[in-house]
Each structure stands twice: as C-alpha cells, then as structure tokens.
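In the numbering used here, the protein residues as written are 52 to 158.
C-beta atoms are modelled at their ideal positions from N, C-alpha and C, and glycine is treated no differently.
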C-alpha cells in the first residue's frame, strides 16, 4: 500500500526533529553545553509533538527524552532548606500568575 503524497516527507521531517531533540538532549544533559535556548528547545519539541499527532503516531512509538546518569562530573547534590517547587513552562502572564499563586499557597 502506497503512502499518501507527501507523507514520506512528513515522516522524514518527524525523524529529523527526533534526531535534533536527541542531539540537544545529549548536549544539555550529558555535556552541560546546550546549544539552543530553553524556549527554542520547547518550540522544537512542540513541532515534533504536533507533527507526531497529525501523523497519528502512538505515544509509545515517539521519541521521549530521558535523563540518564551519564552526567558531567563535578556537580554535587545540594540540600535545600526550603524545598524546590516544580517549575512548569511559562508562556504568558496568566501562567506567571498561576505560578505565583501556587507559590503563595505553598509558603
């Protein structure tokens, strides 16, 4: 069965995005030398996820970054007096307000 016109190119684009994500994950997590900003990485990740969604790629078949233990030497564990709260992606003023409200409730 032949693929619809253009689908092969789209699938190739998906694989290319996955490879870019792998490379950036390696630079960020294993080498501590990111080559793009967090916002650029997030945009790349959104592009990958949107394309995978449009192609109907199952979640278990998608590229997912996983933080390994092959980290850069020299970093130590730090105990915080006040627990670090989870940071979520913030894209607009409303997100900032929700985060500030959650901080106030936690403290």
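- Query: If you pair each beta-carbon of the segment 88-101 with each one of the segment 60-78, do three or more pairs fall below 8 Å?
  - Reply: Enough Cβ pairs lie closer than 8 Å, so yes.
- Measure the CB-CB distance between residue 65 and residue 99 and report whether it falls below 8 Å. Contact: yes.
- Query: Taking C-alpha atoms, which residue in 104, 96, 129, 135 lies nearest to residue 115?
  - Reply: Closest option to residue 115, Cα to Cα, is 96.
- Look at the alpha carbon of residue 104 and the alpha carbon of residue 113, and state the distance between them as a whole number of angstroms. Those two C-alpha atoms are separated by around 10 Å.
- Rounded C-beta distance between residue 102 and residue 154? I'm assuming under 8 Å. Not a contact, Cβ separation roughly 35 Å.
- Message: residue 86 and residue 78 - do their beta-carbons sit closer together than 8 Å?
- Response: Going by C-beta atoms, residue 78 is nearer than 8 Å to residue 86.
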